[in-house]
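One structure below.
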Amino acid sequence: MIDQLFQFLISGITVGSVYALVGLGFTIIYNASDVVNFAQGEFVMIGAMSAIFLYGAGVPYVLALVAAVLITMVVGMLLEKLAIEPAKNASVVTTIIITIGASIFLRGAALLIWGKDIYGLPPFTKDVPISIGNATLLPQNLYVMGGTALSVLLVRYFFDRTMTGKAILACSCNRKAAALVGINVNRMLLIAYGVSALLGAVAGILVTPITYTSYDSGVMLGLKGFCAAILGGMGSSMGAVAGGLLLGVIESLGAGIISSGYKDAIAFIVILGVLFFKPGGLLGQADSERV
Amino acid sequence: MRLAGLYMLAALFVLLGLIFPDSYYVTVVGVTVCTNAVLAISLNLLMGYAGQISLGHAAFFGLGAYASAILTTRYGLNPWLAMLAGLGISGTVAFVLARPILKLKGHYLAMATLGMGIIIHIFFVQADWLTGGPDGLSGIPEISIAGWPINTDLRWYWVFGTLMLFSTWVSLNIVDSRPGRALAAVHGSEVAAQMTGVDTASVKAQIFVVSALLASVAGSLFAHQQAFVSPESFSFFFSIELVTMVVLGGLASTFGALFGAVLLSILPEFLLVFEDFEVLIYGAILMIIMIFLPDGLFVSGSRFVTQLLRKRDAGR
Amino acid sequence: MQGGDNMALLTVTGLEKRFGGVTAIAGLDFQVEPEIVFAIIGPNGAGKTTLFNLLTSIYEPTAGTVTFDGHELTRLKPYQIARLGVTRTFQNLQVFLNMTVIENVMVGCHLRSRCGIVEAALRLPSVLREEKKVREMAMEALEFCGLEDIANRDASSLPYGMLKKLEVARALAAKPRMLLMDEPAAGLNDTETMVMSNLIRDIRGSGITVLLVEHNMGLVMEVSDRVLVLNYGELLSQGTPQEVQCDPRVIAAYLGE
Numbered sequence: 001m002i003d004q005l006f007q008f009l010i011s012g013i014t015v016g017s018v019y020a021l022v023g024l025g026f027t028i029i030y031n032a033s034d035v036v037n038f039a040q041g042e043f044v045m046i047g048a049m050s051a052i053f054l055y056g057a058g059v060p061y062v063l064a065l066v067a068a069v070l071i072t073m074v075v076g077m078l079l080e081k082l083a084i085e086p087a088k089n090a091s092v093v094t095t096i097i098i099t100i101g102a103s104i105f106l107r108g109a110a111l112l113i114w115g116k117d118i119y120g121l122p123p124f125t126k127d128v129p130i131s132i133g134n135a136t137l138l139p140q141n142l143y144v145m146g147g148t149a150l151s152v153l154l155v156r157y158f159f160d161r162t163m164t165g166k167a168i169l170a171c172s173c174n175r176k177a178a179a180l181v182g183i184n185v186n187r188m189l190l191i192a193y194g195v196s197a198l199l200g201a202v203a204g205i206l207v208t209p210i211t212y213t214s215y216d217s218g219v220m221l222g223l224k225g226f227c228a229a230i231l232g233g234m235g236s237s238m239g240a241v242a243g244g245l246l247l248g249v250i251e252s253l254g255a256g257i258i259s260s261g262y263k264d265a266i267a268f269i270v271i272l273g274v275l276f277f278k279p280g281g282l283l284g285q286a287d288s289e290r291v
Numbered sequence: 292m293r294l295a296g297l298y299m300l301a302a303l304f305v306l307l308g309l310i311f312p313d314s315y316y317v318t319v320v321g322v323t324v325c326t327n328a329v330l331a332i333s334l335n336l337l338m339g340y341a342g343q344i345s346l347g348h349a350a351f352f353g354l355g356a357y358a359s360a361i362l363t364t365r366y367g368l369n370p371w372l373a374m375l376a377g378l379g380i381s382g383t384v385a386f387v388l389a390r391p392i393l394k395l396k397g398h399y400l401a402m403a404t405l406g407m408g409i410i411i412h413i414f415f416v417q418a419d420w421l422t423g424g425p426d427g428l429s430g431i432p433e434i435s436i437a438g439w440p441i442n443t444d445l446r447w448y449w450v451f452g453t454l455m456l457f458s459t460w461v462s463l464n465i466v467d468s469r470p471g472r473a474l475a476a477v478h479g480s481e482v483a484a485q486m487t488g489v490d491t492a493s494v495k496a497q498i499f500v501v502s503a504l505l506a507s508v509a510g511s512l513f514a515h516q517q518a519f520v521s522p523e524s525f526s527f528f529f530s531i532e533l534v535t536m537v538v539l540g541g542l543a544s545t546f547g548a549l550f551g552a553v554l555l556s557i558l559p560e561f562l563l564v565f566e567d568f569e570v571l572i573y574g575a576i577l578m579i580i581m582i583f584l585p586d587g588l589f590v591s592g593s594r595f596v597t598q599l600l601r602k603r604d605a606g607r
Numbered sequence: 608m609q610g611g612d613n614m615a616l617l618t619v620t621g622l623e624k625r626f627g628g629v630t631a632i633a634g635l636d637f638q639v640e641p642e643i644v645f646a647i648i649g650p651n652g653a654g655k656t657t658l659f660n661l662l663t664s665i666y667e668p669t670a671g672t673v674t675f676d677g678h679e680l681t682r683l684k685p686y687q688i689a690r691l692g693v694t695r696t697f698q699n700l701q702v703f704l705n706m707t708v709i710e711n712v713m714v715g716c717h718l719r720s721r722c723g724i725v726e727a728a729l730r731l732p733s734v735l736r737e738e739k740k741v742r743e744m745a746m747e748a749l750e751f752c753g754l755e756d757i758a759n760r761d762a763s764s765l766p767y768g769m770l771k772k773l774e775v776a777r778a779l780a781a782k783p784r785m786l787l788m789d790e791p792a793a794g795l796n797d798t799e800t801m802v803m804s805n806l807i808r809d810i811r812g813s814g815i816t817v818l819l820v821e822h823n824m825g826l827v828m829e830v831s832d833r834v835l836v837l838n839y840g841e842l843l844s845q846g847t848p849q850e851v852q853c854d855p856r857v858i859a860a861y862l863g864e
């Protein structure tokens with residue numbers, strides 16, 4: 001029984017790491033531009049698919065991964081430049097529809113380029129299972145967890161220690177004030193979207209060797225990443241990470257113990273619970289209106 | 292005259308049915324247009340007037356459809372009673388969820404309605420002992436109205452069209468009345484609405500239920516018309532399509548919602564030509580219209596025409 | 608000095624509001640008699656709008672009670688307080704910009720009409736009768752405020768001064784017993800301020816008690832029957848305009864000793 005639980009925990013943390021990275025990307029964009037990016041999941045898909053196809057076309061493995069991440073970053077920045085910036089004064093509903101439109105567009109592009117098939121990527125190192133008690137772990141699971149941890153730390157460093165990172169945070173606190181002290185707000189937003197897309201792509205290449213990918217695998221990931229961000233408290237980056245991991249584990253345990261058919265429903269039931277009883281999430285605060 | 296638009300719409304609808312009774316485009320596509328119109332109009336009451344974004348409207352459409360499907364095929368219930376039961380179910384779900392969900396705003400509300408829609412959809416897929424699972428339920432019996440069996444495309448056209456005209460009428464009525472103004476007030480400034488004595492939570496809940504009921508009726512009729520239901524028709528993607536219709540036409544406009552429904556029901560017929568590009572173009576259209584014409588095509592269009600007429604009058 | 612003979616319309620006892628470590632309102636006690644203009648003044652940040660928000664249940668007090676016409680307000684929701692006959696205008700305008708002028712005021716008549724959603728959806732005869740009545744009531748309120756000529760204009764097309772008047776018309780349409788006005792003269796020029804001043808007098812004349820938060824001292828002195836001075840959330844002074852004007856503590860607070 002313990003072994004089973006441990007197995008669920010492993011798969012939970014693995015998929016939770018993806019949710020964490022997606023949720024973190026969400027939060028970066030939300031903090032920088034007040035936009036909820038429904039296309040976040042597509043960054044994961046694009047990163048994974050690009051890597052698969054570059055590698056399949058003969059590009060050396062590591063180069064393919066790096067190139068895939070860069071391509072996704074460009075896509076993210078294009079999204080900001082072409083869809084978000086022109087609509088910067090739009091209402092909440094309008095921006096939600098714009099990002100939904102963007103996610104549909106990206107999915108349509110993926111469908112066009114890569115078709116409907118499911119694809120996989122070879123793992124970073126040989127798939128020799130590691131046994132811990134009666135549970136098995138693949139090296140790729142460790143890469144996912146390690147890669148996620150590393151990414152989170154790097155992002156933390158970026159925002160806490162570098163001028164660019166701090167400038168982006170300034171934009172999210174008060175855009176006018178940031179502009180007044182000479183920060184190029186548009187460029188900062190571009191970078192924020194780029195970083196966010198990068199995180200998505202990293203998640204994609206980390207996890208695809210285990211879960212495979214197809215043109216529409218981004219949809220649920222994006223939604224669950226959003227759930228992770230809400231669970232952790234909208235606007236809190238560490239909250240999104242914690243929320244993602246927690247969500248992954250709850251989902252995995254629920255699927256294993258209760259029913260696997262309703263797996264996807266678990267995340268949304270959790271999130272409804274959070275929204276009904278503690279919309280501020282684990283680490284965030286509730287909103288209030290100034291009258 | 293307040294109902295001028297409705298009368299013109301009714302005339303157009305009747306004429307099309309009388310002049311082209313055998314045309315695929317009128318009867319079959321017409322039924323799709325009318326179904327989507329009812330859904331868009333009901334969603335518009337919630338999103339456009341009350342300002343409450345809902346990304347889960349397809350769920351109520353599905354609840355009505357599955358209620359009718361299950362009760363008539365598995366339990367042999369009379370279709371009209373099944374529709375009534377469907378109304379009861381949709382209404383109850385909406386009633387129970389209304390207050391906790393509508394306390395939320397903006398992205399949180401979007402997420403809650405999304406979650407609600409997805410959970411209900413997953414239930415349709417997973418509870419195969421009841422719903423037939425991913426393959427759905429077939430063999431849904433036909434319905435008759437006072438002995439008149441609805442078994443041709445044309446007859447379904449008349450039925451759905453009547454529902455569409457009824458929904459338009461109801462929407463126009465609500466908008467021009469005390470509860471309608473209360474809704475618009477909630478949208479304009481919830482705190483000011485409260486200070487004029489509007490119980491905002493109650494008003495929002497009421498419109499949530501009304502929109503769910505309209506969607507449920509459409510769903511029940513849809514089940515009988517298709518003689519088959521499957522979860523695919525009630526997914527999150529369809530909810531997004533409905534939101535697109537409302538927003539494309541223009542929020543807070545009954546005819547805007549209608550316009551959006553017509554446009555998006557006909558669009559796939561055109562996009563079929565583009566085959567693989569279909570999804571891509573759909574996404575592109577959404578983005579472009581929302582970026583450049585956020586008030587929607589119908590509302591922006593009418594405003595443009597009104598201004599042109601005003602300039603012409605001023606120039607005289 | 609409190610009016611001992613008149614039953615106070617509004618009684619505030621021990622009202623307190625803390626936001627985390629900040630005490631916005633500290634142990635406030637005062638009474639408002641019916642059919643007067645009662646002004647609340649004080650330097651910026653003194654807590655005036657917070658007080659209004661407490662009175663209308665937009666904020667929940669940390670301690671204390673508010674009694675209006677015998678009813679305890681602190682447990683009620685804002686719309687229930689409106690039902691008791693209290694309406695307000697807002698410092699940062701909360702006009703319904705998505706409606707026309709008269710529609711805004713017709714919402715103000717919400718409590719004087721009854722049509723529900725089912726009757727409205729089916730356009731029963733009662734709805735038609737009521738719509739006519741509500742329109743008339745709204746026009747009455749617009750006329751009182753001098754806005755009858757622009758009844759069908761979009762609220763979003765109105766200049767600031769008219770929006771301020773529109774909020775007043777909307778609040779009056781409910782025929783309240785007490786009207787809370789939050790800085791009605793803010794942003795108005797001299798002419799507009801004079802018009803507002805006359806309007807406030809007319810409102811009192813029609814039997815409505817006015818609770819006024821205002822920075823414009825000229826307006827306050829002209830129009831008020833009683834003045835209460837707030838400073839750092841505490842009651843600094845209370846009395847007639849003349850008494851308060853001469854109170855050395857008030858002078859010190861405003862000029863900053």
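Protein chains in written order, with my numbering: chain X, 1 to 291; chain D, 292 to 607; chain C, 608 to 864. Glycine included, C-beta positions come from ideal geometry on N, C-alpha and C.
{"Item": "Is it the case that the segment 311-328 of chain D contacts the segment 548-568 of chain D, given that we only count it when at least three CB pairs across the two stretches are under 8 angstroms?", "Value": "yes"}
{"Item": "Quick check on Pro122 (chain X): buried or exposed, where buried means 16 or more other Cβ atoms within 10 Å of its Cβ?", "Value": "exposed"}
{"Item": "Output the boundary residues of the beta strand (DSSP E) element that contains Lys624 (chain C).", "Value": "617-626"}
{"Item": "Report the partner residues of Glu679 (chain C) according to the DSSP bridge assignment.", "Value": "C:Thr674"}
{"Item": "Please report the residue range of the alpha helix (DSSP H) in which Met801 (chain C) lies.", "Value": "797-812"}
{"Item": "Relative to the C-alpha of Gln464 (chain D), which candidate in C:Glu850, C:Leu835, C:Glu642, C:Ala728 has its C-alpha closest?", "Value": "The question names Gln, yet the displayed sequence has Asn at residue 464 (chain D). Measuring from the Cα of Asn464 (chain D), the nearest candidate turns out to be C:Ala728."}
{"Item": "Determine which residues of the segment 99-112 of chain X have a Cβ less than 8 angstroms from any Cβ of chain D, and write them out in chain order.", "Value": "Ile100, Gly101, Ala102, Ser103, Ile104, Phe105, Leu106, Arg107, Gly108, Ala109, Leu111, Leu112"}
{"Item": "List the residues of chain X whose Cβ lies closer than 9 angstroms to the Cβ of Tyr340 (chain D), in chain order.", "Value": "Within 9 angstroms Cβ-Cβ: nothing; Tyr340 (chain D) doesn't reach chain X, min ~13 angstroms."}
{"Item": "How about Thr866 (chain C): is its C-beta nearer than 9 angstroms to some C-beta of chain D?", "Value": "Because chain C in this structure spans residues 608 to 864, residue 866 (chain C) falls outside the shown range and cannot be described."}
{"Item": "Looking at the strands, I want to know which residues DSSP matches up with Arg833 (chain C).", "Value": "C:Phe645"}
{"Item": "Give me, in chain order, the residues of the same chain whose beta-carbon lies closer than 8 angstroms to that of Leu159 (chain X); leave out the 5 immediate sequence neighbours on both sides.", "Value": "A small correction: the amino acid at residue 159 (chain X) is Phe; Leu does not occupy that position in the sequence shown. Answer for Phe159 (chain X): Gly165, Lys166, Ile168, Leu169, Ser237, listed in chain order."}
{"Item": "Need the endpoints of the alpha helix (DSSP H) that Ser530 (chain D) sits in, please.", "Value": "527-540"}
{"Item": "Looking at chain D, is there any beta carbon in it that lies within less than 9 angstroms of the beta carbon of Arg695 (chain C)?", "Value": "yes"}
{"Item": "Taking 9 angstroms as the CB-CB cut-off, is Ile344 (chain D) touching chain C?", "Value": "no"}
{"Item": "Check whether the Cβ of Leu729 (chain C) lies closer than 9 angstroms to any Cβ atom in chain D.", "Value": "yes"}
{"Item": "To the nearest angstrom, how far is it from the Cα of Met801 (chain C) to the Cα of Ser720 (chain C)?", "Value": "33 angstroms"}
{"Item": "May I have a chain-ordered list of the alpha helix (DSSP H) segments no shorter than 4 residues that lie completely inside the segment 733-804 of chain C?", "Value": "767-779"}
{"Item": "Is the separation between the beta-carbon of Tyr193 (chain X) and that of Ala32 (chain X) shorter than 9 angstroms?", "Value": "yes"}
{"Item": "Would Ala403 (chain D) count as contacting chain X if we go by Cβ distances under 9 angstroms?", "Value": "yes"}
{"Item": "Under a three-way DSSP split, which group does Arg695 (chain C) fall into?", "Value": "strand"}
{"Item": "Out of C:Phe626, C:Val714, C:Val734, which has the shortest C-alpha to C-alpha gap to Ala745 (chain C)?", "Value": "C:Val714"}
{"Item": "Lys495 (chain D) to Arg856 (chain C), Cα distance in whole Å?", "Value": "49 angstroms"}
{"Item": "How many angstroms separate the CA atom of Gly25 (chain X) from the CA atom of Ala376 (chain D)?", "Value": "44 angstroms"}
{"Item": "When burial is assigned at 16 or more other CB atoms within 10 Å of the CB, is Thr487 (chain D) buried or exposed?", "Value": "buried"}
{"Item": "Could you please tell me which residues of the segment 455-481 of chain D, in chain order, have their CB closer than 7 angstroms to any CB of chain C?", "Value": "Val461, Asn464, Ile465, Ser468, Arg469, Pro470, Gly471, Arg472, Ala473, Ala475, Ala476, His478, Gly479, Ser480"}
{"Item": "What does DSSP give as the partner residues of Ile130 (chain X) in its beta bridges?", "Value": "X:Leu137"}
{"Item": "So, helix, strand or coil for Asn186 (chain X), using DSSP?", "Value": "helix"}
{"Item": "By Cβ distance, which residues of its chain are closer than 8 angstroms to Leu82 (chain X), with the 5 residues on each side in sequence left out?", "Value": "none"}
{"Item": "By DSSP, does Leu818 (chain C) sit in helix, in strand, or in coil?", "Value": "strand"}
{"Item": "Of all Cβ atoms in chain X, is any one closer than 9 angstroms to the Cβ of Phe583 (chain D)?", "Value": "yes"}
{"Item": "Out of curiosity, what's the CA-to-CA distance linking Ala552 (chain D) and Ala506 (chain D)?", "Value": "14 angstroms"}
{"Item": "Since Val36 (chain X) meets chain D, which of its residues come closer than 7 angstroms, beta carbon to beta carbon?", "Value": "His398"}
{"Item": "Taking the alpha-carbon positions, what's the Gly479 (chain D) to Ser458 (chain D) distance?", "Value": "24 angstroms"}
{"Item": "What is the DSSP secondary structure of Val714 (chain C), reduced to helix, strand or coil?", "Value": "helix"}
{"Item": "Determine the chain D residues that contact Ile210 (chain X) at a beta-carbon separation under 7 angstroms, and present them in chain order.", "Value": "The premise fails here: Ile210 (chain X) is roughly 23 angstroms from chain D at the closest Cβ pair, so nothing lies under 7 angstroms."}
{"Item": "Which same chain residues, not among the five before or five after Ala102 (chain X), have their C-beta less than 6 angstroms away from its C-beta?", "Value": "Ala39, Leu79, Ala83"}
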